[in-house]
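Everything below concerns the one structure shown next.
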Amino acid sequence: MTTTALLSDLKSLANSFLHFLYPAHCPGCGQEMQANQGVICWRCATQLPFTQYEKTAGNPVLAELAGRVPVQFASAMLFYKKQGIVQNLLHALKYNGHAETGIFLGRVAGERLRVSAAFRSPDFLVPVPLHPEKERKRGYNQSLCIATGIGYSFPETEIVGNLLKKPAVSESQTRKNRTSRWENVKTAFCLSETALKEARFQGRHFLLVDDVFTTGATAESCVRQLLRIDKAKVSVVTIASPA
Ligand SMILES: [Zn+2]
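The letter at position 190 of the sequence shown is residue 177 when you use this note's numbering, and the numbering goes up by one with no holes.
Spelled out as structure tokens, the structure:
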């Protein structure tokens, strides 16, 4: 037996032992995972409720957004239901430190986008930013994890995490905006002013990436900012939207 083969055997033995001591649980259903399974269990993987929106002309996400702001393409990959697999996966991603769940979901989304006839490859992937304080507490931005996963299907595409910013909302603003204006403040994003002048961004196609599409307010605000870039084109993809 060669040293490499021996090391590889020892590594796999150590992994099995670790799995025995600390069994991993599927972030979709909570069941104990078999050793050497992927990020989610095979049962959840075969039950993901795909919307097929990327193949549907005028899908609900596109229709909702296109009425408000010009977009090239918009889609959400999965249906989101209370107490369903998708809610559990997103909860694990956002609140339980499961960054790898975001990368996994992004990979699946990327594979579907790559073969969609309606979708044109983007030049840049833009994750919806978190407020820096929130990102510091969470340890990562979940949209960046998803964008990283999507990036596997578009290796020429660069992820730009600092193009958009989520400004801080002060206490006084919170108090002042008890009305519907609060929604605007909560979902306000701004574009990096230096990016506006960068020639490499002009006339390019940006894919905005987020975890969930609900009212569309976040996507709308981000798209409006990206469209300030000269001749920019913007598409939007999220992992989920309500069923
Ligand atoms: Zn599962």
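Every residue gets a Cβ at the ideal spot worked out from N, C-alpha and C, and that includes glycine.
It should be emphasised that the depicted structure is a prediction, and the values quoted were computed from it without experimental measurement.
TODO: Count the CB pairs spanning the segment 63 to 81 and the segment 103 to 111 that are closer than 8 Å, and state whether there are at least three.
DONE: no
Open item on the list: Taking 5 Å as the limit, name every residue whose beta carbon sits nearer than that to some heavy atom of ligand 1, in sequence order.
Closed with: Cys13, Gly15, Cys16, Cys28, Cys31
Task: Exposure of Arg187, with buried meaning 16 or more beta-carbon neighbours within 10 Å - done: Counted from its first residue, the sequence shown places residue 187 at position 200. With fewer than 16 Cβ atoms within 10 Å of its Cβ, Arg187 is classed as exposed.
TODO: Below 8 Å on the Cβ atoms is my guess for Ser222 versus Gln59; work out the distance and round it to an integer in Å.
DONE: Start at 1 with the first residue of the sequence shown, and residue 222 comes out as number 235. Start at 1 with the first residue of the sequence shown, and residue 59 comes out as number 72. With a Cβ gap of about 5 Å, Ser222 and Gln59 count as contacting.
Open item on the list: Rounding to the nearest angstrom, what Cα-Cα distance links Pro116 and Pro14 in this structure?
Closed with: Working through the sequence shown from its first residue, we reach residue 116 at position 129. Working through the sequence shown from its first residue, we reach residue 14 at position 27. Those two C-alpha atoms are separated by around 23 Å.
Task: Where Cys177 falls: helix, strand or coil (DSSP) - done: Here residue 177 refers to the residue found at position 190 of the sequence shown. In the structure shown, Cys177 adopts extended strand secondary structure according to DSSP, grouped into three states.
Open item on the list: If I measure Cβ to Cβ from Cys209 and keep anything under 7 Å in the same chain, skipping five residues before and after, which residues do I get?
Closed with: Position 222 of the sequence shown holds residue 209. Result list for Cys209: Val115, Leu151, Phe176, Leu195, in chain order.
Task: Cβ-Cβ distance between Val247 and Glu207 below 8 Å - done: The structure shown has nothing for residue 247, since the chain only spans -12 to 230.
Task: Ala79 to His85 span [Cα, whole Å] - done: Stepping through the sequence shown from its first residue, residue 79 is reached at position 92. Stepping through the sequence shown from its first residue, residue 85 is reached at position 98. When rounded, the distance between both Cα atoms is 5 Å.
TODO: Go ahead and pull the three-state DSSP assignment for Thr(-9).
DONE: Numbered from its first residue, the sequence shown carries residue -9 at position 4. Residue state, collapsed to three classes: helix.
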